[in-house]
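So the sequence shown is residues 15 to 105, counted in this note's numbering.
Backbone N, C-alpha and C define an ideal beta-carbon position, used for all residues, glycine too.
To start, the structure itself, in structure tokens.
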Amino acid sequence: MFIKPYVSASVLYHPFGHLETRIVQAAIIVDVWNDSYVNIVTWTRDGMQNMHRGVSLIQGATDLPSGEYVSWPNTPPTAGPYRDQSADERL
């Protein structure tokens, strides 16, 4: 299912680095460039806040990039304007 990115959405940030040192961090979308790129704010385990611009948003069966990216949590929003409705649902 495709979910259109929106400001204030919670996502998972996968930082760039060696696979052994990558620790997924909580993130909030603060700006949407398009359906594939967003600006986010992240928090580390010790509470430090960081801003990241132009981060790839990965959805579905897309190949993972070699750099940083964000993904939806396991339980994405399922109601309201934040999900992509099928053509049958829009009629």
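Can you have a look at residue i and say buried or exposed, based on whether 16 or more other CB atoms are within 10 angstroms of its CB?
i: Ile43; result: buried
i: Leu78; result: exposed
i: Tyr20; result: exposed
i: Thr58; result: exposed
Rounded to whole angstroms, what is the Cα-Cα separation between residue i and residue j?
i: Pro29; j: Ser80; result: 10 angstroms
i: Asn53; j: Ser24; result: 12 angstroms
i: Met62; j: Gln39; result: 11 angstroms
i: Ile17; j: Tyr27; result: 16 angstroms
i: Ile37; j: Asp60; result: 12 angstroms
i: Ser70; j: Ser22; result: 16 angstroms
i: Ser85; j: Thr76; result: 11 angstroms
i: Met65; j: Gly74; result: 25 angstroms
The beta strand (DSSP E) with residue i in it runs from where to where?
i: Asp49; result: No beta strand (DSSP E) holds Asp49; DSSP gives it neither H nor E.
i: Tyr27; result: 24–28
i: Tyr83; result: 83–85
i: Leu71; result: 63–72
In chain order, what residues of the same chain have a beta carbon less than 6 angstroms from the beta carbon of residue i, not counting five sequence neighbours either side?
i: Gly68; result: Tyr51
i: Gln99; result: Any reading at Gln99 must be qualified, since the residue scores a pLDDT of 44, below 50, and its modelled position is unreliable; the value itself is stated next. Result list for Gln99: empty, nothing under 6 angstroms.
To which residues of the same chain is residue i closer than 8 angstroms at the C-beta, ignoring the five residues directly before and after it?
i: Pro87; result: Ser24, Val25, Leu26
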